[in-house]
Amino acid sequence: MPDSGSSVEVPLSHWPAQDGDITNLEPRIYDMRTPEAHTPVGLSQVMTAIHDARAECEDVGLGRSGFELFEQPSRVGDWFDTDEVMSTYYEECRSLARSVTGAEHVFTYDHLIREPGQQTSGGGLDGSTRVSGAESGGGYIGTVHMDYTANTTWTEYLALHGKRPPANPRRVLALNFWRSIGAVADDNPLAVCDARTVRAEDLIETVVYGYGAENYSWHNIGIPTYNVKASPRHRWYYYPRMTPGELLVLKSYDSDGVIGRTCPHASFVNPLASPDSPPRKSIELRVLCFVGGEL
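The opening position of the sequence shown corresponds to residue 16 in our numbering, with each subsequent residue numbered one higher.
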């Protein structure tokens with residue numbers, strides 16, 4: 016187990032506070048394929064306390080806080096070998112997803128490897144593609160967001176891969192599997208917000224088109240996401256110095272209710288990081304889980 020760090024207070028990018036009540040706003044459309052069509056949004060930099068989950072967070076778990084850390088070494092030898100990641104890592108994550116959710120049917124596509132200013136996407140519609148720059152979503156994501164919304168559907172996404180969702184599932188969940196693949200994740204770690212502290216009045220739906228490379232499955236069909244307005248109610252955590260043998264799992268979608276069960280998250284610059292720390296390299300992979308239902 017790595018040495019425990021300590022809590023920090025850092026700026027996190029949130030939806031502008033001056034917008035007041037945002038619950039009745041129409042969903043915002045953000046299309047990275049047409050940069051000239053972007054509507055600038057002056058995000059608020061809000062000083063946020065992020066607590067050391069190793070030292071302070073005892074009442075956590077996917078069914079409570081919406082996130083959980085697992086000791087889960089991987090057998091992958093080369094994270095940039097897309098075939099190896101798809102054959103080995105995808106099954107490792109599917110196996111854990113079945114274990115923690117009880118799902119009978121699980122689907123996994125599209126992993127993202129993040130480095131400073133760029134990301135590599137694989138397992139999507141074709142091959143492995145590297146993109147860079149904020150317009151493609153490359154690099155670390157410092158804006159507080161939630162991956163999916165109550166309006167997210169999976170039929171079109173699965174159809175891109177020749178699949179269809181099971182009929183009449185009792186529950187549908189999406190889990191985000193986040194892991195450091197270099198040295199320990201010292202600087203730019205991932206902060207996660209306790210799902211129980213989030214309310215509808217904190218969220219505005221943003222449908223994102225053009226994210227990532229063109230082989231990324233959501234690139235052209237749009238991802239319904241939530242931007243997040245800061246609240247003193249929110250309780251933030253991180254796991255200092257995550258090792259490659261550890262795996263952070265956060266709930267991204269839950270048909271029993273997205274709000275209050277899934278986690279806002281963002282990368283942040285860690286003031287406690289060693290100046291000699293190597294840049295963070297991490298992989299994220301989402302697993303779609305159907306509990307019950309028939310194919």
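Where a beta carbon is used, it is the ideal one built from N, C-alpha and C, also for glycine. Since the model is a prediction, treat every value here as computed from it, not as a measurement.
Item, Value
"Closest by C-alpha distance to Y224, when choosing among S232, D217 and L218", "S232"
"H160 versus S21, A245, L303 and N230, residue with shortest Cα-Cα distance", "A245"
"Of the listed residues L218, D74 and P204, nearest to S22 (C-alpha basis)", "P204"
"Close beta carbons around D217, own chain, < 6 Å, minus the five adjacent residues each side", "V243, K244 and S246"
"Segment limits, alpha helix (DSSP H) that includes L173", "T170 to A174"
"Where M47 falls: helix, strand or coil (DSSP)", "coil"
"Cβ neighbours of S19 in the same chain (closer than 7 Å, five flanking residues each side left out)", "At S19 the pLDDT is 48, less than 50, meaning the model places this residue with poor confidence; the figure from the coordinates comes in the next sentence. For S19, where only same-chain residues beyond five positions count, the Cβ hits under 7 Å are D67, R69, A70 and P255."
"Proximity winner among H280, I156, Y124 and G132, relative to D141 (alpha-carbon distances)", "Y124"
"Supposed close pair I65, Y253 - CB separation, criterion 8 Å", "5 Å"
"Residue environment, P26, which counts as buried when at least 16 other CB atoms sit within 10 Å", "exposed"
"Same chain, Cβ closer than 6 Å to M16, five either side skipped, listed in chain order", "Here M16 scores only 42 on pLDDT, less than 50, and its place in the model should not be relied on; the value that follows carries that caveat. Here the set comprises nothing."
"R109 and V306 closer than 7 Å at C-beta", "no"
"T277 vs G81 beta-carbon contact at 7 Å", "yes"
"Collapsed DSSP secondary structure at V100 in the structure displayed", "helix"
"Whether L1 touches D98 by CB criterion (7 Å)", "Because the chain is modelled from 16 through 310, residue 1 falls outside the range shown and cannot be assessed."
"DSSP-derived helix/strand/coil call for T116", "helix"
"The alpha helix (DSSP H) enclosing A68, as first and last residue numbers", "A68 to E71"
"Host beta strand (DSSP E) of L188 (start-end)", "R186 to S195"
"Nearest-angstrom Cα separation, counted from Y105 out to E229", "21 Å"
"E86 burial status per 10 Å Cβ neighbour count (16 or more: buried)", "exposed"
"Endpoints, beta strand (DSSP E) assigned at P226", "Before going further, note that residue 226 is Tyr rather than Pro in the sequence given. From DSSP, Y226 is part of no beta strand (DSSP E); its letter is neither H nor E."
"Nearest residue (CA-CA) to L111, options R211, D201, V302 and Y172", "V302"
"Cβ contact check for the stretch 188 to 198 and the stretch 260 to 275: 3 or more pairs under 8 Å", "yes"
"Cβ-based neighbour list, E41, same chain, cut-off 8 Å, excluding 5 preceding and 5 following", "none"
"Contact check, T164 vs S28, beta carbons under 7 Å", "no"
"Nearest-angstrom Cα separation, counted from P31 out to T63", "15 Å"
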